[in-house]
Amino acid sequence: MGLEWRTLEDEEGRAREEAPEVEARAPQRPGRKRWLSVLIALLLVAVVILTVRYVLLERLDAFAATVEADLLSMHDIVEQAERDLDGALFGSMISPDYPNWGRTQKEMLLSGARWDRPYFDLTLDRGSDEKPPTGTVEDIIFTSDWRMATVTLAFPYVRPDGSPVTLHQIVTYRDEATGWALVPAYPSFWGEKQTFTGRYLTVEYPERDAPTVERLAPEWDKMLAAVCQELDGIRCRRNWKLEVVLSTESSPLARMADLSSRGPLWKGMSHASPTNRGAGGSELKLPAPSLIGSPVDEAGYQAVRAGYAPLIVGAGIANIVGWRCCEKIVFFRALLDKQLSRLGLKQWPLTASDYEDILQGSIHDVTSLHWVYLQRSYNNVTPQLQKIVYSIVDLILASNPERSPASLQRLLLRYDTYRPWLFNALPIDRDQARQGNYGRWIQKEWIHYADQQLEAAAAPGTALPEQDLQLLCTAERFNGAHLYRYDLQRDEFIEENSDGPFRRMYSLPDDAGVLLQRLDDRDARASGSHIQIWRQGQTQDVASGTGNVALYPVETFADGMLLFTYDARRRPPIRFNFLDRTECGGGACVLRPLAGLPAWSPDRERTVVSHGDGVLWLGNEMGEPQMAVARGQSVTWLDNSRFAFIQPDDDMRVAVMTLPNRELRTLLETERLTDALQNATDATRITRIALAAHPTMPDRLFVGARVGNGAGKEATHVFVYNLAADEITELLQVDHPLEPYRSMRFSADGRWLFVHSVGQRASGWHLHLYNTRTGDVLTYSSETALAFPGYDLSADGAWLVRVDEGYIHLVPLNGGRQRLVAHDFAHCYAAVWVNRSLP
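In terms of UniProt numbering, the sequence shown is residues 1 to 839.
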C-alpha cells in the first residue's frame, strides 16, 4: 500500500473543492422586531404612567374633597353666625391680619347690611318664614397652592316691583394655622384697573367687573347727558365731568350701608346719599359690582343698573348745584327724588295711600319743620315726617310750575332757616301776608292739596251725612273758643255764637244741638250761666250747682245726658249729674246732682247706683238709691231683670243678680280670663275689670281687664263672654288702662264697640273702635285733654268726626277715603254732628 504525502494546504484545498454549493438567503430586516419591542415597552410605560396618574388623581381628588369639606364646614359656621347675628362668633372667623376690614365686616353683619342691599333697591328674599336666607354655594376656586379659596354664593333678592333677582356674592377664605379664616379678596382676583372715558364721566373699575361695567358706563354717560341737556334748572359747564371710582375696598360699601341705616327710611324713597370728594369735588366712590352682587342674567343686570343709576345721577346733580353731604338732607333728597322721577330713573314714591297716612294721623304744622330742615341725617325723622316733606315738595312744584327742583335745591344753600326757604319757594299771597296769616294760609293750602291727591285716586265712598258740623274754634290760639257751624255741602263756616269764650262742647241727644261750658266765672256773671244749650240758633241757660269745674259726658240717652265733674278741692272730687231733656223742653233746664253713678236698665225704669264706698244700690228711674243689694263695681244690665257687676274680693269675679228676687250667682271666675290669654304664666294677675253689655245680644258680655305679667309690665285685654255657650274669646289688646267711667260703649246698632283708654298720667286719650261684625280695629289718639272725648258719631252711624291737635277728621266707617276739614282757625277744640238749621 502506498503512502500519499499531502500537505495541510492540499487538504484544505480539497475540502474547499468538495464542499457542496448552498443557495444564499436574502438578508432579514432587523427593524421589525426592534419596533415590536419598543411598542411593547411603550405600552408598558403608558400603563405605568396611567396607573400612576390615576393613583395620583385619586389621591388629589381625595385631597381636594377633604380640603373642600374642611372649607365648607368652616363656611357653615360663618353662615350660622350670620343667621344668628352672632358678632363674637363671626369675628372669630376673620383673619387677625386684617383688623380694619374685619371690623367693617362685623359692623355690617350686626347692622343687617352684610348681604342686604336696600340702598340698591334690593332686599333679600326672606321667604314665608321671614328668616334671612343663606347663599347657595355655586362654585369654589382654590389658588394653585391650595392656601386661598373664593366661594361664589347665589343670593335671592326682590326688587321694589316684587320681581325676583339672583346675584352672585363672593367670600374669600385663607388657610391659616388655626384653620380657614375670612379675608378680603386677593389682588389677582380683581385684576388690573380699567378706565372708561365718556363725555360726562370717567369710570375706574377692576378688570374682574369689566363685562358688567363695559355695558353700564355708556348708559351712565347718557343719563348724565340727559341731566345736562333736559333737566330744568341744570346747566353744565363745558368741561364738567363726573369721576366715578368703583372700588374693591369694603369701606364704600359699609359707608353706603351706614348712611341708609341712619334713621327709619320710608319704603319707596331713594337711598341716594351722594358724597362729593376730591379737590374738584366731583369724585364719587362706589363699591364695585362684585361687592354689590354680580348679575347672572339680564334681570340681574337690569337690577344692578337700576341700583347704580340714582347714585351716579344723584351725585352729578349734587355736584352741579353745589350741594355737599349732608346739608338739609331730608329736603334735598326729596327734591333729588323728584328730579330722578322726571328722568325716569325712579318712581316718585308719594302715593294716594301715603297721603291717606298723612291725613289720618296727627296733622303736623308744615310751617314748623325747622328742626327737620336742618337735619344732616335721618335720625329721629320718622317716615311720617319724611312723607310730609315730600308732600311739601309736591305742593310747591304744583302751585308754582315755574319753579324747578334745582332752583329749590339752590335755595336750600341760601337759607339757613326753614320759613324763609318755604315762603320764597311758594307763590306769595300778598293779602294773607299783609294780615300776618301767611303761615296759616300755607297750612290750609297744603291740607287742600293733600286731600285733592287722595280724592283723585280714591274710589267713590260713603256719601257724607245730611248733617252739619258744630265747631268750637278760635281765631287766635289760647284766647278762648267761639261757636261755629260748618256746612259740608257748601264748604262754608258760619259764626253762630260769639258770647264765649267756651271751653267744652258736647252733642245733645238726637243731635238736636250742643251743650256748652264757658271758660270762667267772670264771663258767666257777665253773660249768664257758665253752662248753656245751643239749639237752632237759640241759647238756653242750664242751672247748675257744680261751679266752674270741668264737665265731662258719661253717656247720652234719648231723654238726657249723664255727666260728671272733677274738682280736686272737693271730697269726693268726682260727682255725677243728669241733664233731663224733657225738663229743658219745659223751660227749666237744670243739671241735677246724683248720689252716685247710675246704670239704667234697657227700659230706663230701674237703676243700679254705685257709691264711692263700693256699695251697690237699687234705684228708681231718676237714679235715686233705694235699697243696698251688694258690694261691687262696674255695673252693666244684661236685660231688664239681670245686671252683672264685679265683686271686689281677693279673687275678683263677675257676678249676676236677677230681679225681683235679688238672686245672686257667680257668672265668671277671673281665672278663666287668665286662662284665655296665650302667654299667661303663674305670675299673671288681673288688677282691674270693666264690663259692658251688647245692646242687641243679651247673651254677650264684654270684659275689659288690666293684666300684669308680674314683672311690672301691664296691658289691657278685651274679651267677650258668651253666656249661652260658656265661652271666652279675646278680642283686642291695648296698652293703656281703661278710662274709669267711659271704658266701653256701644253704637246704637251694636256694630261698633268704643274702647276708651288713657295714658298713665293723662298724657293722652286713646279711642279704639272694634267692629263686632268683622273684628277690624281702628285706633286714634289725642294729646288734647280739652277735646275729650274728641269724637262724635253721625246720625246714620256711617261717619265719625274726631278732633286732633286742632284738625277736624271725617272718618268713613263703611269704607271710603278719610277727609280732613281745612279751616283758617288758629285751633279747633271740638266738633260734633248736628241737625241742619231750619230755613
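C-beta: ideal position from N, C-alpha, C; glycine also.
Quantities reported herein were computed from a predicted structural model and do not represent experimental measurements.
DSSP places A822 in no beta strand (DSSP E); its state is neither H nor E. Under the three-state reduction of DSSP output, P572 falls in the coil class, being neither helix nor strand. The alpha carbon of T123 has as its nearest neighbour, out of Q818, I140, L39, D161, the alpha carbon of D161. In the three-state reduction of the DSSP assignment, E192 falls in the coil class, being assigned neither a helical nor a strand state. By the C-beta density criterion, N497 is buried, having at least 16 other C-beta atoms within 10 angstroms. Taking the C-beta atoms as reference points, A288 is found no nearer than 8 angstroms to V165. Around the beta-carbon of K222, fewer than 16 other beta-carbon atoms lie within 10 Å, marking it exposed. Excluding residues up to 5 positions away in sequence, nothing lies with its Cβ nearer than 7 angstroms to the Cβ of N661 in the same chain.
With respect to the 8 angstroms criterion, R642 and A655 are not classified as neighbours on the basis of their beta carbons.
For L668, the beta-bridge partners assigned by DSSP are V654. DSSP assignment within the segment 334-404 yields the following whole alpha helix (DSSP H) runs of 4 residues or more, N-terminal first: 352-360, 370-373, 383-399. Pairwise C-beta distances place the segment 797-810 in contact with the segment 463-480, as three or more of them are shorter than 8 angstroms. Excluding residues up to 5 positions away in sequence, P509, F578, L579, D580, R581, T582 lie with their Cβ nearer than 8 angstroms to the Cβ of G560 in the same chain. Shown here, M697 sits in coil according to DSSP, grouped into three states, outside any helix or strand. With the rule of 3 Cβ pairs closer than 8 angstroms, the segment 93-101 counts as touching the segment 171-186. By the Cβ criterion, the segment 363-373 is not in contact with the segment 337-350, since fewer than three pairs of Cβ atoms, one from each stretch, lie closer than 8 angstroms. A distance below 6 angstroms between beta-carbons, with the five flanking residues on each side excluded, links G91 to the following residues of its chain, in chain order: K106. Bounds of any alpha helix (DSSP H) do not take in A550; it lies within the beta strand (DSSP E) bounded by 550-557. The beta carbon of P252 is closer than 7 angstroms to those of K285, L286, P287 in its chain, skipping five residues each way along the sequence. Looking at the backbone, the Cα of A512 and that of F493 are separated by about 19 angstroms. One Cα belongs to I234, the other to R147, and the distance between them is close to 53 angstroms. Non-local C-beta neighbours of A711 in its own chain, meaning closer than 8 angstroms and more than five positions away in sequence, comprise A683, ordered along the chain.
Here DSSP, grouped into helix, strand and coil, assigns W180 to strand. Excluding the 5 residues flanking it on each side, D70 has same chain C-beta neighbours closer than 8 angstroms at G179, W180, in chain order.
Considering only A826, R751, Y780, the residue with the shortest C-alpha distance to N814 is R751. Between the alpha carbons of T687 and D84 lies a distance of about 38 angstroms. Within the same chain, Q80 come within 8 angstroms of D86 by CB-CB distance, once the 5 residues on both sides are set aside.
Annotation for M223: the continuous alpha helix (DSSP H) segment containing it runs 210-230. As a beta-bridge residue in DSSP terms, L753 pairs with F746, Y770.
Residue pairing of K285 in beta bridges, as defined by DSSP: V245. With the rule of 3 Cβ pairs closer than 8 angstroms, the segment 479-492 does not count as touching the segment 370-384.
Within the same chain, and ignoring the five residues on either side of A705 in sequence, the residues whose Cβ sits closer than 6 angstroms to its Cβ are L673, I686, I689, H717. With contact defined as three or more Cβ pairs closer than 8 angstroms, the segment 688-703 and the segment 717-728 are in contact.
Contact annotation, R114 with E219: C-beta distance approximately 28 angstroms; criterion of less than 8 angstroms not satisfied. Classified as buried, R742 has 16 or more neighbouring CB atoms from the shown chains inside 10 Å of its CB.
Under the three-state reduction of DSSP, I428 is assigned to coil, being neither helix nor strand.
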